[in-house]
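Asker:
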Amino acid sequence: MKDRLEALKSEAIDKINESVDLKDLQAVKVAYLGKKGPITEVLKGMGKLSAEERPVVGAYANEVRDSIQQELDKKQAELEEAAIAQKLASETLDVSLPGRPVKKGNPHPLTAVVTEIEDLFLSMGFTIAEGPEVETDYYNFEALNLPKGHPARDMQDSFFITEDILLRTQTSPVQARTMEKHEGQGPVKIISPGKVYRRDNDDATHSHQFMQIEGLVVDQNVRLSDLKGVLETFAKKMFGEDRKIRLRPSFFPFTEPSVEMDISCFKCSGKGCSICKQTGWIEILGAGMVHPNVLEMAGFDSKKYTGFAFGMGPERIAMLKYGIDDIRHFYANDIRFLKQFKNA
Amino acid sequence: MLISYNWLKDYVNVEISPAELADKITKSGIEVEMVEPLNKGISGVVVGHVKECSQHPNADKLRVCKVDIGQGEISQIVCGAPNVAQGQKVAVAVPGAVLPGNFKIKKAKLRGEESLGMICSLQELGVDTKLVPKEYSTGIFVMPSDAEPGSDALEYLNLNDHVLELGLTPNRADCLNVLGVAYEVAAILKEEVKLPDTSFTNTEEKAEDFISVNIESFEDNPYYGAMIIRDVKIGPSPLWMQNRLMASGIRPINNVVDITNYVLLEYGQPLHAFDYNRLGSKEIVIRRATEGEHIQTLDDQDRILKDTHLVITNGTAPIAVAGVMGGATSEVGEDTTNVLLEAAYFSSARVRAASKDLGLRSEASSRYEKGIDRNRVYAAAIRAAQLMAEIAGGKVAAGIVEAGKREVKSYTVSMAVSRMNALLGTSITPEQTSAIFDRLGFSYKEADGEFEVVVPSRRPDITIEADLIEEVGRIYGYDRIPTTYLLTEARPGGLTQNQAKRRGIRNYLEGAGLYQAVTYALTTPEKSTHFSFNGEEQVYPISVAHPMSEERSTLRMSLLPQLLEVLQYNRNRSLEDLAVYEMGSVFINRQEVLSDLPEEYVFVSGAITGVFNEHLWQGERKTADFFVLKGILEGLMSELNLSERITYESGIIENMHPGRTAVVKLDGIPVGFVGQLHPALQKGLDVKDTFVFELNATRLIDSEIQQMVYQTLPRYPSITRDIALVVDQELPAGDLFTVIQAAGGDLLKEVNLFDLYEGEKVEEGKKSLAFSLKYFDPERTLTDDEVVSAHDRVLKSLEERFGAQLRK
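The following block contains the structure:
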């Protein structure tokens, strides 16, 4: 009987080793260790054995069963591993193939520039003021020290709708409206971005519609030197920490003194190149101290309050920043143009 | 304004280069836009004396000249100019010379004759054709007879000069002349201004015996002065004067006209010379033109005048439009001998009206419009008379015949040094301030840092303290003003909720795959009314009074016409797969005559066409369709927390597909629409199937903001039941949703449509819709009975309302 068990054991182990997959192995398991298998048979036949033999054979049978089981487990682990390896091998992807694209658009470059500027001034404690694009002559001109017949109205050929209503030529009317709302009480600290309109023929550098961002601070003790500080912060943030600024005297009817701000050229750092027309400086914006007439018209006491204002063109800034050569690109909306500003 | 560097140096000592000067002028307030050398790359051009001039043996149009080019050296030069002649002094480019455009002169043989250089025209020396005196416009330039052969021709022609181009702001009309710039430069360089010597001797004749002057309105014409210069000899003006005129962009005509232009440039005072003999009377009357009155102007045009124009008359007929242009009848010509010189101050409003109506803008009119120095009118007249005596051989009659006031009184403006420092953020002392006023040539009184400044008449732009502060500040130097930070109390900046939501909408749409476009607000009158969903109420398009073109004449009431232009623009470049949106203002006017500002709303609109998204190598492709776009809108409404209040109902919108358009309603009120473009419009635009939406973002944003409420996470399981219904094909699925939701009650938390079938397997005229219903109670586990009873209610309602049958 012991021989029989020995034979079964080696037979079973051979079968186990011959198994090529888990199914074979399962069959071996059923065949040798199952309820109807030969080892069970042996154990069933134990009754015929003597009392001395019975425990010996019993123990041996159990030993055989255990070692078959061990072999089975071992083989099973092997086969499982092989199966996984095979599965993995069959699942291998060409990871260099392109992924499924996620559809995503992006902002227009002008919005990107405006948003960047807005965020900068928001961080400096400014709020954003807005107003209508169709304006009254009063807010667009008169409240800004441009009475009817003023020669500076010449600079602003406008789209009038009626004698008193026009498409705003600047976002400054928002300043006038905001100051009026403050009823003579400071501080006012706003920027006003928006679309403006002028009677220009559209060409590479002119557009009858364009954007402006203006800023206004009115309070007691606001100085030209403070304007310099704010503008310097702006220039460094928008065009790089190394930028220097310079103020040049200029003229705007709603500010006195008026200045224009240049920044040191970000392309050549002041050595002179085509961007700065060999001057080392790039004109960025106009600014100045709010004209006393403008303060008074908006209800502020110009003896007590002073203020500064500045205004810039996002198109110009975007053109400089990205090297865009034609302002009409902004309004043609060629999709190949728009798509380039993914990270703007 | 073009300013000759050499001319400027007549009045103020300048020891720095034109470029350095330009930099200093720019920094202290007047932008020098360009410094242009008149020498555009010329070398080796000398004065030559044409000793002989004969016909070229082999060419009709050429002459062979023997030219003395200095030190007795005679060169043979072949010249093609028709006006070359023996005895002339000319500019010769000798072999080795270089002309503008890097044109090198070499020895040459022209039709067999040797030519050692070239006799030059002014154009060949880089002078703009329109500035070259007419007599030399098609030939060589003839220099004065005293020019020394062999010497540098550029010196004679002032081509070693530089021209500064000033970009003047409207307040600095005082620098529209060389003397004005001299005052500015003197202040910058701490120099004195040297005025020209204008002394001359007049004859015993009296001007008043020749002419009388009457002004009808001193408001239109505060001052008019007339001088009489007899026996002038009309001819070319001296070369130095011609050079200066050309450098300043004015073409020399003849000595008398040149003198008026020269003094205009020098003093900024427009002058006019009449041929006295042709006046037709001995009086000058300045009056308004009568409506419809005619005058033939110098340019031989017949002009019809209005009663807002001011004219100079001989007592009966107009002989000049004041400040704008002289008349042809009294024009100075070759045979003129006696001149009436006009020096006047006309009101800028009168000059502007005439110059605008007649479409005539001249050096004179633009100066009157911007304002001239009232107290320099007389001085300019004297200067011109002196020059007429000096260079035109004229005899100046004594005196000036005047009407109106020759000069106005000066006024003062006060300025406190303390307020200046407070405004600029500087600490400029009273002593520094006085020094700056001295440099500017402003006289003043000072006590304890309070200045009382007498404003010179050339600077009428200075009227208030801030103007003086600017003057001191700019001469002090803006680069010396410190950089400081606002003392204003710190307050938080930040977007308003409305602004934040607009950014949110933009970010969402971009995340959903749409690119932002920005288009023009002005469109055609026709397009302005397209896609309107303003309901029954009458709206009126808003057109601008003077559009640049029909294309850009009327304000938009919808963003879509412009977005469709974007599609078309891209389509024309074979870019057919597009997804774009725009956020911008539209303008709604409900007034027949616009007297109040129109309503402005922020709209957000989008358009998709062609392939919306694709994964090429896996063969996946989603083409734009109604549900792609509707899905985007549903996501947007969810983003705005408005989903529950929004409905989509089929509706008719002009230019939209009648069967594929939904009106979007917020609480039952239309706020926009979504759908396919009308196929006819698509065809017209030559675009593929295009789906668009338009929403009144202002309405969406302004609608009450619902606070987000947190829902506890479910602790009990939900039960899902599916139903497949057969209903009439016409029945909108939305109606089923509404009824299911209502009948399901509180326990029904979610309804999803997961199948739609129309075809053979259902009865004709019917369709099958399958819904998945999720029941759930946050407080406890639902019993089967509860779900069955709710579900039965749903089925019963559907049957009662729509005759819906469960699909077998």
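So the sequences go chain by chain: A and B. The first sequence: position 233 = 233 (this note's numbering), numbered continuously. The second sequence: position 498 = 842 (this note's numbering), numbered continuously. Quick reminder that beta carbons are idealized off the backbone N, C-alpha and C, glycines included.
Thinking B/Arg720 and B/Gln613 are a contact (beta carbons under 8 Å), I'd like their distance in whole angstroms, please.
Answerer: About 6 Å; that satisfies the 8 Å criterion.
Asker: Do the CB positions of A/Thr115 and B/Gln860 come within less than 8 Å of each other?
Answerer: Not in contact: A/Thr115 and B/Gln860 (Cβ atoms no closer than 8 Å).
Asker: So is A/Leu97 buried or exposed if we call it buried at 16+ other beta carbons inside 10 Å?
Answerer: Exposed: under 16 other Cβ atoms inside 10 Å.
Asker: Is the Cβ of B/Met345 closer than 8 Å to any Cβ of chain A?
Answerer: Chain A, which has no Cβ nearer than 8 Å to the Cβ of B/Met345, makes this no.
Asker: Determine the DSSP secondary structure at B/Pro774, reduced to helix, strand or coil.
Answerer: Looking at B/Pro774 - three-state DSSP - the assignment turns out to be helix.
Asker: For the 8 Å Cβ check, are there 3 or more pairs between the segment 375-395 of chain B and the segment 450-469 of chain B?
Answerer: Yes, since at least three Cβ pairs between the segment 375-395 of chain B and the segment 450-469 of chain B fall closer than 8 Å, the two stretches touch.
Asker: Determine the contact status of B/Leu941 and A/Ile165, defining contact as a CB-CB distance below 8 Å.
Answerer: Their beta carbons are under 8 Å apart, which means B/Leu941 touches A/Ile165 by this criterion.
Asker: Report the residue from B/Thr604, B/Ser872, B/Asp1079 whose alpha carbon sits nearest the alpha carbon of B/Tyr884.
Answerer: Per the Cα distances, B/Ser872.
Asker: Can you list, in chain order, the residues of its chain with a C-beta nearer than 7 Å to that of B/Leu623? Leave out the 5 residues immediately preceding and following it.
Answerer: Asn658, Ile663, Ser674, Leu684, listed in sequence order.
Asker: Indicate whether B/Ile1084 and B/Leu1142 have their beta-carbon atoms separated by less than 8 Å.
Answerer: Yes, the Cβ-Cβ distance between B/Ile1084 and B/Leu1142 is below 8 Å.
Asker: Could one say the Cβ of B/Asp614 lies closer than 8 Å to chain A's Cβ atoms, at least one of them?
Answerer: The sequence as given places Pro at residue 614 of chain B; Asp does not occur at that position. Answer no: the Cβ-Cβ gap between B/Pro614 and chain A never drops below 8 Å.
Asker: For B/Val948, write down the residues that DSSP places opposite it in a beta bridge.
Answerer: Beta-bridge pairing links B/Val948 to B/Met927, B/Leu1039.
Asker: In chain B, which residues lie less than 8 Å from A/Asp226 when you measure between Cβ atoms?
Answerer: Ordered by position in chain B, the residues that pass the 8 Å Cβ test against A/Asp226 are Gly769, Thr828, Tyr829, Leu830, Leu831.
Asker: Can you tell me which of the three DSSP states B/Ser543 falls into?
Answerer: Reduced to three states, the DSSP call for B/Ser543 is coil.
Asker: Count the other CB atoms within 10 Å of the CB of B/Trp961; is the residue buried (16 or more) or exposed (fewer)?
Answerer: B/Trp961 comes out exposed.
Asker: Taking B/Gln906 as part of the alpha helix (DSSP H), name the residues at either end of that continuous run.
Answerer: 904-915 is the span of the alpha helix (DSSP H), which, as asked, contains B/Gln906.
Asker: For B/Glu563, count neighbouring Cβ atoms within 10 angstroms of its own Cβ and tell me buried if that reaches 16, exposed if not.
Answerer: Looking at its Cβ environment, which holds fewer than 16 other Cβ atoms inside 10 Å, B/Glu563 is exposed.
Asker: Could you tell me which of B/Val1138, B/Asp1072, B/Lys1093, B/Leu980 sits nearest to B/Glu1108, measuring between CA atoms?
Answerer: Comparing Cα positions, the closest option is B/Asp1072.
Asker: Consult DSSP for B/Met585 and reduce its assignment to one of helix, strand or coil.
Answerer: Of the three classes helix, strand and coil, the one that applies to B/Met585 here is helix, per DSSP.
Asker: In the DSSP assignment, what are the bridge partners of A/Gly311?
Answerer: Answer is A/Glu214, A/Gly286, bridged to A/Gly311.
Asker: Output yes or no for whether 8 Å exceeds the beta carbon distance between A/Val218 and A/Val188.
Answerer: Yes, the Cβ-Cβ distance between A/Val218 and A/Val188 is below 8 Å.
Asker: Considering Cα atoms alone, identify which of B/Val629, B/Leu508, B/Asn914 is closest to B/Glu377.
Answerer: The residue with the shortest Cα to Cα distance from B/Glu377 is B/Leu508.
Asker: If you measure between the beta carbons of B/Asn565 and B/Ala666, is that distance less than 8 Å?
Answerer: Yes, the pair counts as a contact, with Cβ atoms nearer than the cut-off.
Asker: The beta strand (DSSP E) spanning A/Val188 covers which residue range?
Answerer: Here the beta strand (DSSP E) through A/Val188 covers 188-197.
Asker: Any idea if B/Asp619 is buried or exposed, counting beta-carbon neighbours within 10 angstroms, 16 or more meaning buried?
Answerer: Answer is buried; the Cβ neighbour count reaches 16.
Asker: Between the alpha carbons of B/Pro826 and B/Val816, how many angstroms are there, rounded?
Answerer: Each residue's Cα considered, the two are about 15 Å apart.
Asker: Within 8 Å (strictly less), CB to CB, does B/Arg900 reach chain A?
Answerer: Answer no: the Cβ-Cβ gap between B/Arg900 and chain A never drops below 8 Å.
Asker: With a cut-off of 8 Å, does the C-beta of A/His329 fall near any C-beta of chain B?
Answerer: For A/His329, the answer is no, since every Cβ of chain B falls outside 8 Å of its Cβ.
Asker: Within the same chain, show all residues whose beta-carbon is closer than 6 Å to that of B/Ala856, passing over the 5 residues directly before and after it, in chain order.
Answerer: Same-chain partners within the cutoff: Ile976.
Asker: Tell me, which residues are paired with B/Cys423 by DSSP?
Answerer: Answer by DSSP bridge pairing, in chain order: B/Arg407.
Asker: With DSSP as the reference, label B/Ile1067 as helix, strand or coil.
Answerer: If DSSP states are grouped into helix, strand and coil, B/Ile1067 belongs with the strands.
Asker: To be precise: take each residue of the segment 752-769 of chain B, compare its Cβ to all Cβ atoms of chain A, and keep it if any distance is under 8 Å. Which residues remain?
Answerer: The residues in question are Ala766, Leu767, Leu768, Gly769.
Asker: I believe A/Leu120 touches A/Val294 by the beta-carbon criterion, under 8 Å. Please report the beta-carbon distance rounded to the nearest angstrom.
Answerer: The Cβ separation is near 25 Å, so there is no contact.
Asker: If we define contact as Cβ-Cβ less than 8 Å, is A/Asp301 a contact residue for chain B?
Answerer: False, the Cβ-Cβ gap to chain B never drops below 8 Å.
Asker: So, for A/Tyr305: in the same chain, excluding its five sequence neighbours on each side, which residues have a beta-carbon less than 7 Å away from its beta-carbon?
Answerer: Counting only Cβ-Cβ distances below 7 Å, and skipping sequence neighbours, we find Gly186, Val218, Asp219, Gln220, Leu295.
Asker: Run through the DSSP bridge pairs and tell me what B/Met759 is partnered with.
Answerer: Its beta-bridge partners are B/Phe795.
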